[in-house]
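Adding 7 to a residue's 1-based position in the sequence shown gives its number in our numbering.
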Amino acid sequence: MKKILLLTIFLFTSCLNNEKEKKDINFGIVIHGGAGTILKENMSDEKEKQYLDALEEAIKIGYNIINDGGPSQLAVEKTINFLENSPLFNAGKGAVLTSSGIVELDASFMDGKTLNAGAVAGVRTLKNPISAAIKVMNNSPHVFLSGEGADQFGKEQGLEIVNQEYFLTKRRIDGLEKVKEMELDNEISFINSNEYINQKYGTVGCVVLDKNGNLASGTSTGGMTNKKWNRIGDVPVIGAGTYANNLTCAVSSTGWGEFFIRNVVAYDISALIEYKGLSVNEAAKIVIHDKVAKIGGSGGVIAIDNKGNIAMEMNTPGMYRAHINSKGKLTVKIFN
Ligand code: ASP
8 MKKILLLTIF LFTSCLNNEK EKKDINFGIV IHGGAGTILK ENMSDEKEKQ
58 YLDALEEAIK IGYNIINDGG PSQLAVEKTI NFLENSPLFN AGKGAVLTSS
108 GIVELDASFM DGKTLNAGAV AGVRTLKNPI SAAIKVMNNS PHVFLSGEGA
158 DQFGKEQGLE IVNQEYFLTK RRIDGLEKVK EMELDNEISF INSNEYINQK
208 YGTVGCVVLD KNGNLASGTS TGGMTNKKWN RIGDVPVIGA GTYANNLTCA
258 VSSTGWGEFF IRNVVAYDIS ALIEYKGLSV NEAAKIVIHD KVAKIGGSGG
308 VIAIDNKGNI AMEMNTPGMY RAHINSKGKL TVKIFN
């Protein structure tokens, strides 16, 4: 009798412990919709609300997946698909235009558990480039595909194909015209200034820690307005625009891509955590404010570490961003 009683007490307390452990599991999701000269005085209340609502809707897609025990990869993909399909952001529909008035899209994904990664650059027909990046990772022997070949691969993988008209929006057509006029009218020093460059970009990204402790990161963009010569930015460059490692953190970048490539931004944040023992927040601050800013670059990052601590750091006046932690607490912000 005594034995049965002890066994019952043992089973009961281990059940309680399991429940407590489940509650203590840290998971979380952070997204961005691009950084730049986003100023309160230039934004109507209506526009601001549109962005806040879209960010909230997007992040809840990923949060619901991980809250139900789903994997970080799926959460990143579905959240970014939503942002790619929204004309508000510079990715998928509503992406910025190249100098010849077309859309060329870049995206990448990295899995923190396996260190597998996939990326596409300069695609013109794939509705959701982040899904193509994940297919490259899962269904090809490669990491990085570009141009027509990447479009072809996506098609063979059964991804949705669209024509260029699908991506075009009036806002971006007008934006290209404005940027071209500014470039004609201004000095080269102005064209290379942060003040000017800040108006030309935007990107979407998502980093996730799931309940199994797996990190993932994805980033998707149209790049920079008026880009020429099949220019590719940091977004599809693993280690610059996107990085994830279960030992450290997951990072997604947004900003003046050339500087993010030169600073290997996403990997640098991970390396500062791995080799120097910094917190994710300290690491993001150093990279964005000391390293990127010091060589003249601007932009921001989102990051989440393997314990669910996060960073949303920028050296620009704003960055569209949102976070939900394991308790379901939502934060959505635009201005710095
Ligand atoms: N980093 C992107 C690029 O340079 C643009 C952005 O994030 O806003 O292509």
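From the three backbone atoms N, C-alpha and C, an ideal C-beta is built for every residue, glycine too.
Whether residue i touches residue j by CB criterion (8 angstroms)
| i | j | result |
| --- | --- | --- |
| Thr261 | Gly306 | yes |
| Ser227 | Val211 | yes |
| Asn401 | Ser106 | No information on residue 401 is available, as it lies outside the stretch 8 to 343 that the chain covers here. |
| Phe116 | Val83 | yes |
| Leu3 | Ile72 | Here the chain covers residues 8 to 343 and nothing more, so residue 3 does not appear. |
| Leu222 | Ser79 | yes |
| Ala42 | Met231 | no |
| Ile288 | Ala318 | First, the amino acid is wrong: residue 288 is Asn here, not Ile. Their beta carbons are under 8 angstroms apart, which means Asn288 touches Ala318 by this criterion. |
| Asp312 | Thr249 | no |
| Gly264 | Ala98 | no |
| Ser153 | Gly125 | no |
| Lys5 | Gly69 | Nothing can be reported for residue 5, as the shown portion of the chain is limited to 8 through 343. |
| Val308 | Ser259 | yes |
Cβ-heavy atom distance, residue i to the ligand ASP, below 7 angstroms
| i | result |
| --- | --- |
| Asp275 | no |
| Asp241 | yes |
| Tyr208 | yes |
| Gly69 | no |
| Phe267 | yes |
| Gly129 | no |
| Thr261 | yes |
| Met231 | yes |
| Asn322 | no |
| Gly41 | yes |
| Asn97 | yes |
| Thr44 | no |
| Thr105 | no |
| Thr249 | no |
| Thr121 | no |
| Gly264 | yes |
| Gly306 | yes |
| Thr176 | no |
| Thr228 | yes |
Cβ shell of residue i (< 8 angstroms), same chain only, five flanking positions each side left out
| i | result |
| --- | --- |
| Gly108 | Ile180 and Leu183 |
| Ile302 | Phe266, Arg269 and Asn270 |
| Lys292 | Ala318 and Glu320 |
| Gln164 | Ala139, Lys142 and Asn146 |
| Glu64 | Phe89 |
Beta-carbon separation (whole angstroms), residue i vs residue j, contact threshold 8 angstroms
| i | j | result |
| --- | --- | --- |
| Ile280 | Ala290 | 5 angstroms |
| Gly119 | Ala278 | Rounded, the Cβ-Cβ distance is 14 angstroms, inconsistent with contact. |
| Ile295 | Glu55 | Ile295 to Glu55, Cβ: 24 angstroms. No contact. |
| Ile45 | Pro324 | 6 angstroms |
| Leu133 | Gly161 | 4 angstroms |
| Met90 | Phe96 | It is Leu, not Met, that sits at residue 90 in the sequence shown. Right, the Cβ-Cβ distance comes to about 5 angstroms (below 8 angstroms), so this counts as a contact. |
| Arg238 | His39 | Not a contact, Cβ separation roughly 21 angstroms. |
| Ile276 | Ala310 | 6 angstroms |
Same chain only: Cβ atoms within 7 angstroms of residue i, ignoring 5 sequence neighbours per side
| i | result |
| --- | --- |
| Arg131 | Ile109, Val110, Glu111, Asp158 and Gln171 |
| Ile268 | Asp241, Val244 and Ala247 |
| Leu122 | Asn252 |
| Asn88 | Asn135, Ile137 and Ser138 |
| Glu28 | Its pLDDT being 47, under 50, Glu28 is placed unreliably by the model, and the measurement read from it follows with that caveat. Here the set comprises nothing. |
| Leu285 | Leu279 |
Cβ neighbours of residue i in the same chain (closer than 6 angstroms, five flanking residues each side left out)
| i | result |
| --- | --- |
| Ile32 | Lys218 |
| Asn316 | Val287 |
| Phe174 | Lys100, Ala102 and Val110 |
| Ile168 | Thr132 and Lys162 |
| Lys235 | Ser106 |
| Val299 | Phe266 and Asn270 |
| Thr176 | Pro94 and Gly101 |
Interface flag, residue i vs chain C, CB-CB below 8 angstroms
| i | result |
| --- | --- |
| Ile137 | Absent from the structure is chain C; it holds one protein chain and no more. |
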